[in-house]
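Asker: Letter 549 of the first sequence, counting from 1, is numbered 545 in the working numbering, and no numbers are missing.
Glycine included, C-beta positions come from ideal geometry on N, C-alpha and C.
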Amino acid sequence: MKQIREAWKTAVAAGIADILREKGLDAGMATSSAIVSETPPKPDMGDIGFPMFAWSKPLRMGPPQIALLLADKLAAADTPAGTPKAIGPYLNVFLDRVSTSAEVMASVAGEGYGKSSSLAGTRIMIEFSSPNTNKPLHLGHLRNDVLGESTSRILKENGAEVLKINLVNDRGVHICKSMLSYMAYGGGRTPEDEGKKPDHFVGDYYVKFNDLKKADPQAEEKAQEMLVKWEASDPEVMDLWKRMNEWAVGGIRKTYERTGISFDKYYFESQIYLTGKEEVLKGLENGAFFKAEDGSVRIDLSPLGLEEKVLLRKDGTSIYMTQDIGLAIHRHHDWPFDRLVYVVANEQQYHFKVLFHILERLGYEWARNLFHLSYGMVNLPEGRMKTREGTVVDADALLESLKEIALEEIQAKGREEAMGDAAEIAEKIALGAVHYYLAQATPSKDMVFNPKDSLSFNGDTGPYIQYMGARISSLLRKRDKGEGKAPGGTVRPELLAGDAEWELVRRVAQYPEVVEQAGSEYNPALVAAHMYDLASAFSRYYHDNPILNCEDADTAASRLALVAAVRTVLVNGLGLLCIPFLEAM
RNA sequence: GCGUUCGUAGCUCAGCUGGAUAGAGCGACGGACUUCGAAUCCGUAGGUCGGGGGUUCGACUCCCUCCGGACGCACCA
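1) Is residue 251 closer than 9 Å to residue 392 when the C-beta atoms are compared?
2) Could you tell me the distance, in whole angstroms, from the CA atom of residue 564 to the CA atom of residue 526?
3) Whole angstroms are fine: how far does the CA of residue 96 sit from the CA of residue -3?
4) Is the segment 564 to 579 touching the segment 422 to 429 in the sense that three or more CB pairs, one from each, lie closer than 8 Å?
5) Determine, using beta-carbon pairs with one atom in the segment 252 to 265 and one in the segment 161 to 172, whether at least three such pairs fall under 8 Å.
6) By Cβ distance below 7 Å, which residues in the same chain neighbour residue 222 in space, the five residues on each side in sequence not counted?
7) Between the alpha carbons of residue 439 and residue 16, how many angstroms are there, rounded?
8) Hey, would you say the C-beta of residue 115 is under 8 Å away from at least one heavy atom of the ligand NAP?
9) By how many angstroms is the C-alpha of residue 65 removed from the C-alpha of residue 296?
10) Does DSSP put residue 179 in a helix, a strand or coil?
11) What three-state label does DSSP hand residue 439 in the structure shown?
12) When you compare only the Cα positions, how much space is there between residue 247 and residue 189?
13) Tell me whether the beta-carbon of residue 117 lies closer than 9 Å to the beta-carbon of residue 155.
14) Specify, as a first and last residue, the run of the alpha helix (DSSP H) that residue 246 falls within.
15) Name the residue from 541, 512, 279 and 489 whose alpha carbon lies nearest to the alpha carbon of residue 501.
16) May I ask which residues mark the beginning and end of the alpha helix (DSSP H) holding residue 139?
17) Can you look up residue 424 in the DSSP assignment and give me helix, strand or coil?
18) As a quick exercise: from 518, 499, 551 and 534, pick the residue whose alpha carbon is nearest that of residue 93.
19) In the DSSP assignment, the alpha helix (DSSP H) including residue 564 goes from what residue to what residue?
20) Please report the residue range of the alpha helix (DSSP H) in which residue 348 lies.
21) Select from 516, 506 and 543 the residue whose C-alpha is nearest the C-alpha of residue 469.
22) For residue 139 and residue 434, which I take to be in contact (beta-carbon distance under 8 Å), what is that distance rounded to the nearest angstrom?
23) Go ahead and label residue 327 buried or exposed: buried means 16 or more other beta carbons lie within 10 angstroms of its beta carbon, across all protein chains shown.
24) Which word fits residue 126, buried or exposed, when buried means at least 16 other C-beta atoms lie within 10 angstroms of its C-beta?
25) Please state whether the Cβ-Cβ distance between residue 351 and residue 324 is less than 9 Å.
26) From the DSSP output, which residues share a beta bridge with residue 296?
27) When you compare only the Cα positions, how much space is there between residue 49 and residue 68?
28) In the structure shown, what three-state DSSP assignment does residue 70 receive?
29) Can you check the segment 467 to 554 for any alpha helix (DSSP H) of at least 4 residues that lies completely inside it and give the ranges in chain order?
30) So if DSSP puts residue 121 in a beta bridge, which residue, or which two residues, is it bridged to?
31) Taking 8 Å as the threshold, find out whether the segment 331 to 345 comes into contact with the segment 278 to 296 through three or more Cβ pairs.
32) State the CB to CB distance for the pair residue 87 and residue 43, rounded to an integer number of angstroms; the pair is presumed to be in contact (CB under 8 Å).
33) Take the Cβ of residue 320 as the centre, count every other Cβ of all protein chains shown within 10 Å, and call the residue buried at 16 or more, exposed below.
34) Restricting to Cα atoms, I'd like to know which of 150, 101, 131 and 137 is closest to residue 114.
35) Consult DSSP for residue 261 and reduce its assignment to one of helix, strand or coil.
36) Measuring CB to CB, does residue 123 end up less than 9 Å from residue 257?
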């Protein structure tokens, strides 16, 4: 589809250049990159649209006249297969359906439909999730995770070499709080003793710190003192810290396994929180930074229209920013990347703006290719999630409850026997529900997560798309068993040129362009939207047209091939979105 | 107060980078199972795109301003 589009752009450019020359004007401006193409709003208006407005001024003609003239020119010229037609101020192309269908079907049948080489040779590091080791993952992390994982997969699909990394926040005063609390109330018990998932076990003590504060007014200070001991590698503190961290990280990894999230490399703040100091001092030497009167090292951010920012305290200790400077440089040393993507909530926009500026100021070439994939908050229908009010949605509990509801639904429909392991399917439906819901929203915007809506099997949801995939799979299973009219039939592209079939062919054909755009914009929501469009187009087609049982063998074989192509796109696209594809549900 | 950002149908979201009558889903109302699984499909109602200016042949999209929400504005991470 992209090649076809590009070919037509070139043809249109040549046509415009012709007209320019005839008018004695400079034809140089009519390059194919100057030609805007779009998709007409309705299929009966054609397959590719070229608006003529922009040429109105140089040609001193009305757009409709240009379109007419151009249509004539192209009709006489050597163009790709298809028919150009002037429709108002647009020159629309009606593709040759038979040859296009044949081409599309052939390319879907090949390996890895949707892969492109648009990012070939690019090394991209992407950081996401970044959990704290004092509590389990919550709904906000799930959005982060699905964005990070999907974006990684989409970048890879476009040919990039991707390294997924997780920066675990395993140090700091908040970690000490759960440790203190455990010392007070834990009694040496382990997660196994209580039969709890270990990250929840740790998280519960973090919450209990509130009780401790009431019981011991010195609790906050004690946490600070413990942090000092930790930094001094006090053996007792380190011992407990290691034990609790293992619990927390172990539990969090279980959740990643469950949701299909993975990392190529883990970084732990405890190991790198001191880095960055040298780089800041280097920057001080070469004049990027300056020493303030109080002895702290700072940067002047007036080029950004901001105030100054401290990078090293007057006592020489480092801060969050220092650490991130060091870490970025360190990472580039570990794995020289062309781009680095940080999937971090939008509350840290200022931080990254400054960080990127600092790294550029330090003269790193790659600093211009750092990207903050900033995403909005996940709110609930009742409002914002608040830690203090206990309204934070726990990731594990959410998945569990969605799974249960899905299972009940399966039982209510009496589908258990038809699908083998009902619990496993229910789990995959729950995952599909959450991941689709989170991936479908534009990343940068805040969103409302409604658990009930996400699981609704009607409408724009993950389970709906999974269902359509299952229905196609069911048809194909039947074909393979020799049911229906297809046996002995031949796939013939001319049987895929009707309006109904063409609707599906077009959407299948558009998929690779969608993946490419999603990659260049770091936006999985584009893929999600296309999955829904395709699934619902299939559903309509399926409702209106017999597939397995249609009149003759050739038609049945052709339609089954078309529907199989739809299935391939669903399999590939859902894969990019971390949504399990289901053969039956 | 300053900065960033968002405001599209009752609700949740799209809107192809400035173009063809602003689109979906949910909810509401009304329809469709003797035929490939109805977890489905079809139809109806519902919008002065937060308000007001401006740029443009053309603005939901760009600029200004006001209103409203979110998030930032640490020598915390």
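Answerer: In short:
1) yes
2) CA-CA distance, residue 564 to residue 526, rounds to 14 Å.
3) 8 Å
4) yes
5) With the cut-off at 8 Å, the segment 252 to 265 and the segment 161 to 172 touch.
6) Cβ neighbours of residue 222 within its own chain (closer than 7 Å, five residues either side excluded): 172, 175, 176 and 233.
7) 43 Å
8) This structure lacks the ligand NAP; in fact it carries no ligand of any kind.
9) 59 Å
10) helix
11) The answer is coil: DSSP assigns residue 439 none of H, G, I, E or B.
12) 15 Å
13) Going by C-beta atoms, residue 117 is nearer than 9 Å to residue 155.
14) Taken as a continuous stretch (DSSP letters only), the alpha helix (DSSP H) holding residue 246 covers 231 to 255.
15) Ranking the options by Cα distance to residue 501, first place goes to 489.
16) 135 to 153
17) helix
18) 499
19) 549 to 572
20) For residue 348, the enclosing alpha helix (DSSP H) has its first and last residue at 345 to 357.
21) 543
22) 5 Å
23) buried
24) Residue 126 comes out buried.
25) yes
26) 304
27) 18 Å
28) helix
29) 495 to 517 and 520 to 540
30) 159 and 336
31) Contact between the segment 331 to 345 and the segment 278 to 296 is absent, because fewer than three Cβ pairs lie under 8 Å.
32) That pair is no contact at about 12 Å.
33) buried
34) 150
35) strand
36) no
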